[in-house]
Structures are given as structure tokens and as C-alpha cells.
Amino acid sequence: MSIFVKSKKKQSSRHQIAIEGVREGILLLPNHHYRAILHISSINFELKSEAEQDAIIDTYQSFLNSLATPLQIVVRVREMDMDKYLVDFAERVKNEPEEIYREQIENYTNFVRSLISTNKILTRHFYVVIPYNDKEKDFEVVKEQLSLTLDIVGKGLARLGMQSRQLNSLEVLDMFYSFYDPGLAKRQPLSAQTMQLLTESYL
772 MSIFVKSKKK
782 QSSRHQIAIE
792 GVREGILLLP
802 NHHYRAILHI
812 SSINFELKSE
822 AEQDAIIDTY
832 QSFLNSLATP
842 LQIVVRVREM
852 DMDKYLVDFA
862 ERVKNEPEEI
872 YREQIENYTN
882 FVRSLISTNK
892 ILTRHFYVVI
902 PYNDKEKDFE
912 VVKEQLSLTL
922 DIVGKGLARL
932 GMQSRQLNSL
942 EVLDMFYSFY
952 DPGLAKRQPL
962 SAQTMQLLTE
972 SYL
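Residue numbering for the sequence shown follows the numbering used here, beginning at 772 and increasing consecutively.
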């Protein structure tokens, strides 16, 4: 079952999320279940030649067949925060000594503002969730076992031309924060200073 599925029942966020915490980037779930999450780069399959596409499919099939553990693939579509993007350009205008470049930056900024006034700018992120289910209570053993699986999966994805990295604790919490309350996540982005507060309040 996906860890990113909202229940239709009316209940608190604590029960909706149903996780006990996050430690060193590893989700702690009830009944000694654990999850690690990899952020994956994408490849443009449509731009590949037919021979390259066949090679990717064969490699992907071999990769899946070689796995000794199940995994979950998650695709997140999120609205980009263009406000910060425009603020950065406003700062560049202030610091640009050449008038012609200032005009170009201002014209581009106005174009982006008109674009986002009628359209949402979306971005896709790809993740692989690695499970570890055991009665093992020693976190160091859990971390070691997950690390071995993460290494195997990462190398398999690298053969497909994809880069991967494990999410840290803050990034894992941000996934749940933005999934369950995207509006608040945009207005009040999660920071390291609030991570402990969120852990105590939501989890």
C-alpha cells in the first residue's frame, strides 16, 4: 500500500499519516516497518532512438528481475514557487549596472508574471521507496540493511542513466507536509528549525 494515499475517513493528520517518526532519513512506521526514499532523475525516453529505447527497456526489465525486495515508485507533481524566482530577478535588477540588461530582466520578469497569472508552472519529481520490514529493534542494523538495498537500487538505476540520492530527514518530512497541506507548505516552507516541531505535532 502506498505511503502517500489520503484516507477518505475523517480523522486527524496524526492518524492519516500513520508514521512514528523520521530518523537519519528513514521513515519509522508502526510494527517495525521502515522506509527509505530515493530521489530519482528522469530521462527523456521519447528523444531516444528506437535502439536506445529497446536497450533501456531490456535493462529496466533486468533491473526489476534482479531485485530481492519490492519497491514503490512515486511521481509527485507540484506547483513551482515562482514568487521566490521573481524576487531573485528583482534583486538582479537592483544590482545590474547596465541599463540595457536591466530592461531585459524587467521585460522577462513581466513576461513570467503574465504567464503565471493564467497558468500554473508544474514540476515532476520521481521517487523510489525502499521498504524494510522486520522485528529488528536495533536501528543500526535496520540502517545497514536499508543502505545495502539502496546501493543495489542506485546502481541499477545508474545503468539506466538515472542519478539517485537518498532523501534526508527534512526532505522526507517535507514530502508529507506538502502532500497533506500544499497551501500551507507554499506559504510556510519547512525549515530545519521547524523540523522538530513538526515531528512532535504531526507525527
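For every residue, glycine included, the Cβ atom is placed at its ideal position computed from N, Cα and C.
{"Check": "Contacts around Ser-935, its chain only, beta-carbon distance under 6 Å, and the 5 residues preceding and following it disregarded", "Outcome": "Leu-809, Ile-811, Gly-925, Leu-928"}
{"Check": "Touching by the beta-carbon criterion (3+ pairs, under 8 Å), the segment 845–852 and the segment 890–897", "Outcome": "yes"}
{"Check": "Segments assigned alpha helix (DSSP H), at least 4 residues, entirely inside the segment 816–858", "Outcome": "821–837"}
{"Check": "Closest by C-alpha distance to Glu-795, when choosing among Ala-839, Val-899, Val-943", "Outcome": "Val-943"}
{"Check": "Distance between Tyr-872 and Ser-885 (C-alpha atoms, nearest Å)", "Outcome": "20 Å"}
{"Check": "Inter-residue Cα distance where the pair is Met-853 and Asp-859", "Outcome": "10 Å"}
{"Check": "Burial state of Ala-861, where buried means 16 or more other Cβ atoms lie within 10 Å", "Outcome": "exposed"}
{"Check": "Residue(s) in a DSSP beta bridge with Gln-937", "Outcome": "Leu-809"}
{"Check": "Leu-800, enclosing beta strand (DSSP E) - first and last residue", "Outcome": "797–800"}
{"Check": "Alpha helix (DSSP H) runs contained entirely in the segment 871–936, provided each spans 4 or more residues", "Outcome": "910–929"}
{"Check": "Backbone CA spacing between Gln-843 and Leu-835 [nearest angstrom]", "Outcome": "12 Å"}
{"Check": "Beta-carbon spacing of Leu-931, Tyr-831 below 8 Å", "Outcome": "yes"}
{"Check": "Burial state of Arg-863 (16 or more Cβ within 10 Å)", "Outcome": "exposed"}
{"Check": "Where Leu-798 falls, given that 16 or more other Cβ within 10 Å makes a residue buried", "Outcome": "buried"}
{"Check": "Residue of Glu-911, Tyr-951, Ile-901, Asp-905 minimising C-alpha distance to Ile-923", "Outcome": "Ile-901"}
{"Check": "Identity of the residue in Gln-916, Tyr-948, Asp-909, Phe-897 nearest Tyr-903 by Cα", "Outcome": "Gln-916"}
{"Check": "For Ala-807 and Ser-940, the rounded distance between their alpha carbons", "Outcome": "10 Å"}
{"Check": "Residue burial classification, Tyr-856 (beta-carbon count within 10 angstroms, cutoff 16)", "Outcome": "exposed"}
{"Check": "Sub-8 Å separation of Lys-819 and Ile-828 beta-carbons", "Outcome": "no"}
{"Check": "Cα-Cα separation, Leu-938 to Glu-870", "Outcome": "43 Å"}
{"Check": "Distance between Pro-868 and Phe-897 (C-alpha atoms, nearest Å)", "Outcome": "40 Å"}
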